[in-house]
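To start, the structure itself, in structure tokens.
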């Protein structure tokens, strides 16, 4: 592979924003890709995948390159040198790459690959926490979470079905495979920009990981029900619920962020989901008005997001022990308050995209021991392992209100 100066510089510029200005990798990569209209699909893929790779392996590459924060431009080029050398890419004769110690890079890689926190490129505290909470499974789980995520689509059954969608995408040169364990899912054979397809513009699908698609089905919704999605965000699961209900009944999508609900409205219009009503949680009255009124309630709780590190590798560097403490307290509060929306005989699903028991089954155990939790009984729970499923790590519990 021959390295092109403008593409390498684009990677370095993006890494600077992610590492030094604490920007989100996905958003900065998206902005970078719009910088030069002359870039083709291979150029864009190089920028995105190289940036994600260096973000993912930041600690390992930093140790090999012997650099520390703040990441000066010279340090970022040293990280790039490590990446290129380990990929077997010839380093060009540019001033930025002078004195590249190729043999030392490979020797340090072999040495550090024997130590998990370097091999898997994670902070010390996270490595210790993972081992404490997951034991021997941590090795397999963190290894799986460092692999690049595949692209999975969710068929919008309001407009099509998986087999028809597969044919439609074939006509646009997007090759997919059906996933037998996931009734609405298609997985791309190769990474492609599906957002430019006519199929997407017509609302025939959404991009949604296979594990995430299990959550709406766990609610066991029926046509005509009143369903409340309490932490709806931009609405991936609310849209799925509307499709399962065939637009019959009511899906109330709540969130504390008005801009996310605005995005949900836009997505719902494209999807043809007419039974979704958005409500901004600007006061506690919004929740209290819904007490004892819903057949089904989804709490897709805010969490560490450790189960989705494959698609958000920079989360490893943004998380902290303090944040974990804050988020578990928030999860407890949300469970206690939002569970009151379920009416007698209704069901509550608590879900996270985390793999930590402290955010998952331990939260449910704690909730069931409270005054409000005593009104519920646990009827099902599933821990979705990234290592075992090949997709994101997730957890959900289904609770029945007596």
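Residue numbers (UniProt numbering): 1 to 402.
Cβ atoms here follow ideal geometry from the backbone N, Cα and C, with glycine treated the same way.
Asked                                                                                                                                                                    : Found
Is it a yes or a no for the segment 297-313 touching the segment 335-352, going by three-plus beta-carbon pairs under 8 Å?                                               : yes
Can you grab the Cα-Cα spacing for the pair residue 70 / residue 35, in whole Å?                                                                                         : 25 Å
For my contact list, residue 294 and residue 341 are in at a C-beta cut-off of 8 Å; report their separation, rounded to the angstrom.                                    : 5 Å
In chain order, what are the residue ranges of uninterrupted alpha helix (DSSP H) at least 4 long that sit wholly in the segment 88-123?                                 : 102-112, 116-119
What residues in its chain sit with their C-beta under 6 Å from that of residue 38, if we drop five residues either side in the sequence?                                : none
Which residue comes first and which comes last in the alpha helix (DSSP H) that contains residue 62?                                                                     : 58-65
Taking DSSP's pairing of strands, which residues face residue 279 in a bridge?                                                                                           : 254
Go to residue 71, then tell me how far its beta strand (DSSP E) extends in each direction, as first and last residue.                                                    : From DSSP, residue 71 is part of no beta strand (DSSP E); its letter is neither H nor E.
Contact between the segment 316-328 and the segment 176-185: three or more CB pairs below 8 Å?                                                                           : no
Could you name the residues that DSSP lists as bridge partners for residue 342?                                                                                          : 294
Assuming residue 401 is part of the alpha helix (DSSP H), what are its boundary residues?                                                                                : Premise fails: residue 401 lies in the beta strand (DSSP E), 394-401, not in any alpha helix (DSSP H).
Roughly how far, in whole angstroms, is the beta-carbon of residue 244 from the beta-carbon of residue 207, given that I think they are within contact range, below 8 Å? : Actually they are not in contact, since the Cβ atoms of residue 244 and residue 207 sit about 18 Å apart, beyond 8 Å.
What do you reckon, are the CB atoms on residue 382 and residue 396 nearer than 7 Å?                                                                                     : yes
Which residue or residues does DSSP assign as beta-bridge partners of residue 381?                                                                                       : 397
Report the three-state DSSP secondary structure of residue 158 (helix, strand or coil).                                                                                  : coil
Given a cut-off of 7 Å, decide if residue 79 and residue 386 are closer than it, judged by their beta-carbon atoms.                                                      : no
Report the three-state DSSP secondary structure of residue 37 (helix, strand or coil).                                                                                   : coil
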